[in-house]
Structure formats: C-alpha cells, structure tokens
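Enquirer: Residue numbers for the sequence shown follow this note's numbering, so the first one is 12 and each next one is one higher.
One structure, as structure tokens, below. Some questions next.
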Amino acid sequence: MTESCDVAIIGAGPIGLFSAFTCGMMGAKSIYIIDALPHIGGQCQALYPEKPIYDIPAYPFIEAKDLVQNLYQQAQVFKPIYALNQPITCLKPANSEWIIETTAAHYQAKAIILATGSGQICPNPLPLPEAKAYEGQGLLYSVSEKNALLNQNIIIVGGGDSALDWALLLCKQSKVALVHRRNQFRAHPNTLDKIYAAIALGDITLLEPYQLHRLIGPAPHLKMVELQSLKDGGLIQISADRVLAFFGLSSQSTHFSDFGIDQDKQGQIIVNPATCSTNLNGIFAIGDCATYSGKLKLIVSGFSEAASASHAIYPLLYPGKPRKIGYSTTQGIPNPSL
Ligand SMILES: Cc1cc2nc3c(=O)[nH]c(=O)nc-3n(C[C@H](O)[C@H](O)[C@H](O)COP(=O)(O)OP(=O)(O)OC[C@H]3O[C@@H](n4cnc5c(N)ncnc54)[C@H](O)[C@@H]3O)c2cc1C
12 MTESCDVAII
22 GAGPIGLFSA
32 FTCGMMGAKS
42 IYIIDALPHI
52 GGQCQALYPE
62 KPIYDIPAYP
72 FIEAKDLVQN
82 LYQQAQVFKP
92 IYALNQPITC
102 LKPANSEWII
112 ETTAAHYQAK
122 AIILATGSGQ
132 ICPNPLPLPE
142 AKAYEGQGLL
152 YSVSEKNALL
162 NQNIIIVGGG
172 DSALDWALLL
182 CKQSKVALVH
192 RRNQFRAHPN
202 TLDKIYAAIA
212 LGDITLLEPY
222 QLHRLIGPAP
232 HLKMVELQSL
242 KDGGLIQISA
252 DRVLAFFGLS
262 SQSTHFSDFG
272 IDQDKQGQII
282 VNPATCSTNL
292 NGIFAIGDCA
302 TYSGKLKLIV
312 SGFSEAASAS
322 HAIYPLLYPG
332 KPRKIGYSTT
342 QGIPNPSL
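Right under this line is the structure:
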C-alpha cells in the first residue's frame, strides 16, 4: 500500500524536524518524516546529545538533545507522521508527484524535502573479533544518557575531541582511564589544557601508547580489558565496566544521482539557494546535504533553508492560489485539519 501525503521529508535531523513545522505553516496538511535511524534528531542525537550548542538563536546554550526535543514539540502542532528505521531505496516520479520507496513502505508526495545530512551515520567499530557481542552494554560508541555511567570503571579509547570531551565529563562522576595509541591528541587546544590538568590532578588516568587488545567478561557485560603496550608489546589487564570507543564515524551517503538528482563531486545536492530546489521539480534539499555557493554547514543556516523550501513548496500544494506572506504573530498557526 502507498501512503499519500503533501510533503515527505527524508531525514529527521534538526533541519528535517524544523522543515515539518515550516511546511505546516505553509498549509501542508499531511507530512511524513522518514529516517533510516530508529530515533529522531540526526547528528545532534546520534553524535553529541549532551553537548551544549552555543550558536542557536535565542539560546545562550542548549544541549543538543534538548534542541531536538524542542524541534519535535514545535513540529507536533502539525502532527507529522514519523516513519523511522526506514532507509530510502528509490525516488521516482508518478504523474506530477513523487513516489518514495523505503525498506518498509511506499509513500506518494506532492513535494519531497531531502534533509539527509551527511548520510546514515555509523561509528567506526572497535576492530576486535569479540566486539560485537559487547555492543550496547560493555562497549559503547556513543553516550545517550550519562547517568547510566555513574560510579563505574570507564575506559575511553581514542585521541580526538569526542574521546577527550567525554573523559572530562565522565571523570566528575566515574573512574576514567583514557587509552591512546600515540602520545599526542588531536583535539581543540582548550580541551587539551583541561585534559592535562585533569590528568595532573589524578581525575583521569592516561594510558599511552596502548591499544585495546581484548574484552573480558560474560558478554555483553564487561569485567576487564586487556591492553597492549605499543612500546614493548607487554599486556596489562584493568577492571572495566564500560569501554567507550571513539574511532571516528563513517557516514553512508545515498547516491541521489541514481534518481536523477544533481550532486557535486563530494556527493552534496546542488540547489538553488533562493528556493532550495534541486534540478528535479518538486524535490528540495536543505541542511548539511545541500550545497550552493557560500553554503555554511550550520544548524542556523539549515533552519533558514527550511523556511525557503517550504515557501517554494506552497505553489505545489495550492496551484494558482496566491500566497499571503505574513508573520506568525499576526496569522497564528494554521489548523492542519481545515
Ligand atoms: C560533534 C558535532 C558538534 C556540532 N556542533 C555544532 C554546533 O555547535 N552548531 C552548529 O550549528 N552545528 C553543529 N554541528 C553540525 C550539525 O550537527 C549539523 O549541521 C546538523 O546536524 C545538520 O542537520 P541535518 O538535519 O541537515 O542533518 P543530520 O543531523 O545529519 O540528519 C540527517 C538525517 O538523515 C537521515 N538519513 C540520511 N540518509 C538517509 C536515507 N538514505 N534514508 C533515510 N534517512 C536518511 C540520517 O539517519 C539522519 O538522521 C555539529 C556536528 C558535530 C558532529
């Protein structure tokens, strides 16, 4: 069965969520938001839910997960339908509309907004044969709830900003050992100052140059980890409740060019910045996945693109009907059921 709607938004990251609101303000009555991940929030939720963001207008700072929650609530007034856990597999025209095929369903929409960011986000896995068996419990690639890691032995592996930021946050509530292959980190200078201070105070134990050699314990629960020295090959074992591994992320981008959409050499979707329209009538792209001259990959830019795209979508929803441009303060919120 094919579900019909006015607008299908692909990507439930911050920009996709906000575009559900802006499309609702433009009179879209039925909106689907489709995402490959099992949760909304895109990078904000998957990669840095508890980090404060400082450059969202009107918020001196806001944690990424709270921004997602606020965007979700703001969109709820138009009751978008969420279709999660559904990577898209095909986009094809159907008369003057579009069919979106996912791994689970088919949708038909008058307009499509692509808000797919840098693609489907996956952490690079720990390269140990037993790693899979510990994932989600003893072995984590991200932290969605830091209180779940209270008063534990935490081993953080990696030398970049994510590893160091989490070491600094978690050492206030747990015993943290930082394991790194090299004797230099690749992180922001401010973070480095804080890390060296925490190590000097004994709040963080630094183990370098070491690499993780073995996870020990009844999987998925961890008891110990075995580390190997990269100086002399010697092995040591230390108690561990959790390993947090930060080996970078890979994103699997969709080849929109397979569906006839113009992309640049980096795989970004080329749009007209005035409308965020792609080369295909009725398909728009906003947020990190879209590019044009002078593009800034910032959440605030994506919000503005969501507004531009939804204004450009209006004539597809209401052909021939003049669009009144007004302020939300004077027009209020359109009633989606009228
Ligand atoms: C550590 C970190 C800190 C950051 N800090 C800031 C900051 O302080 N300020 C700022 O402005 N920006 C910041 N950013 C950048 C910001 O997170 C991005 O600009 C923003 O997330 C882009 O939002 P988006 O909705 O376009 O894409 P995303 O957040 O990437 O969401 C895209 C969604 O599309 C889904 N998707 C992709 N392909 C498919 C497919 N084929 N089928 C179905 N679903 C698909 C993905 O699963 C994902 O949920 C930061 C980024 C990182 C990594």
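Don't be surprised by glycine CBs; every beta carbon is placed ideally from N, CA and C.
(1) Following the continuous beta strand (DSSP E) through Met-235, name the residue where it begins and the one where it ends.
(2) Please indicate yes or no: does the CB of Pro-63 lie closer than 6 Å to some heavy atom of ligand 1?
(3) Over what stretch of residues does the beta strand (DSSP E) that includes Val-190 continue unbroken?
(4) Give the C-beta separation of Leu-180 and Lys-157 to the nearest angstrom, bearing in mind that I take them to be a contact with Cβ-Cβ under 8 Å.
(5) Thinking C-beta only, is Gly-293 closer than 7 Å to Ala-105?
(6) Residue range of the beta strand (DSSP E) that Phe-295 falls in?
(7) In chain order, which beta strand (DSSP E) runs of at least 3 residues are fully inside the region 107 to 137?
(8) If you measure between the beta carbons of Tyr-145 and Pro-231, is that distance less than 7 Å?
(9) Please confirm whether any heavy atom of ligand 1 lies closer than 6 Å to the CB of Ala-4.
(10) Whole angstroms is fine: what's the gap from Gln-184's alpha carbon to Tyr-221's?
(11) How should Gln-279 be labelled, buried or exposed, when 16 other C-beta atoms within 10 angstroms of its C-beta is the threshold for buried?
(12) Taking just the CA atoms, how far does Ile-26 sit from Ser-339?
(13) In angstroms, rounded to a whole number, what distance separates the CA positions of Thr-265 and Leu-48?
(14) Express the C-alpha separation of Cys-182 and Asn-164 in angstroms, rounding to a whole number.
(15) Can you name the start and end residues of the beta strand (DSSP E) that Asn-164 belongs to?
(16) Determine the direct distance from the alpha carbon of Pro-134 to that of Ala-174, and round the result to whole angstroms.
(17) Pull up the CB-CB distance for Phe-29 and Pro-347, whole angstroms please, since I reckon it's below 8 Å.
(18) Within 10 angstroms of its Cβ, does Gln-248 collect 16 or more other Cβ (buried), or is it exposed?
(19) Starting from Tyr-207 and walking both ways along the alpha helix (DSSP H), at which residues does that stretch end?
(20) Would you call Pro-71 buried or exposed, if buried means 16 or more other Cβ atoms sit within 10 Å of its Cβ?
(21) Closer than 6 Å: is that where the CB of Lys-308 sits relative to any heavy atom of ligand 1?
(22) Is the closest heavy atom of ligand 1 to the C-beta of Leu-95 under 6 Å?
(23) Is His-224 helix, strand or coil when you go by DSSP?
(24) Decide yes or no for the touch test of the region 187 to 195 against the region 280 to 289: beta carbon pairs closer than 8 Å, at least 3 of them.
(25) How about Asp-176: is its Cβ closer than 6 Å to a heavy atom in ligand 1?
(26) Provide the residue span of the beta strand (DSSP E) that contains Gln-263, from first to last.
Expert: On the basis of the data shown:
(1) Unbroken beta strand (DSSP E) run through Met-235: 235 to 240.
(2) No, Cβ of Pro-63 sits at least 6 Å from all heavy atoms of ligand 1.
(3) Here the beta strand (DSSP E) through Val-190 covers 186 to 190.
(4) At roughly 6 Å, the Cβ-Cβ gap stays under 8 Å, so Leu-180 and Lys-157 are in contact.
(5) No, these two residues do not count as a Cβ contact at 7 Å.
(6) Residues 294 to 296.
(7) Listed in chain order, they are 108 to 113, 117 to 125 and 131 to 134.
(8) Result yes, Cβ atoms of Tyr-145 and Pro-231 sit closer than 7 Å.
(9) Nothing can be reported for residue 4, as the shown portion of the chain is limited to 12 through 349.
(10) Their backbone Cα atoms lie some 24 Å apart in a straight line.
(11) With 16 or more Cβ atoms within 10 Å of its Cβ, Gln-279 is classed as buried.
(12) The straight-line gap from Cα to Cα measures roughly 19 Å.
(13) Straight-line Cα distance between these residues: approximately 14 Å.
(14) So the two alpha carbons sit approximately 10 Å from each other.
(15) Start and end: 164 to 168.
(16) Distance between the alpha carbons of Ala-174 and Pro-134: 13 Å.
(17) In this structure Phe-29 is not in contact with Pro-347, their Cβ atoms being roughly 17 Å apart against a cut-off of 8 Å.
(18) Flag for Gln-248 reads exposed.
(19) Annotation for Tyr-207: the continuous alpha helix (DSSP H) segment containing it runs 200 to 211.
(20) Counting Cβ neighbours within 10 Å, Pro-71 comes out exposed, since fewer than 16 surround it.
(21) Lys-308: yes, Cβ under 6 Å from ligand 1.
(22) No, the beta carbon of Leu-95 sits no closer than 6 Å to any heavy atom of ligand 1.
(23) Strand, per DSSP.
(24) Contact fails: fewer than three Cβ-Cβ distances are below 8 Å.
(25) Outside the cutoff, so no.
(26) Start and end: 260 to 263.
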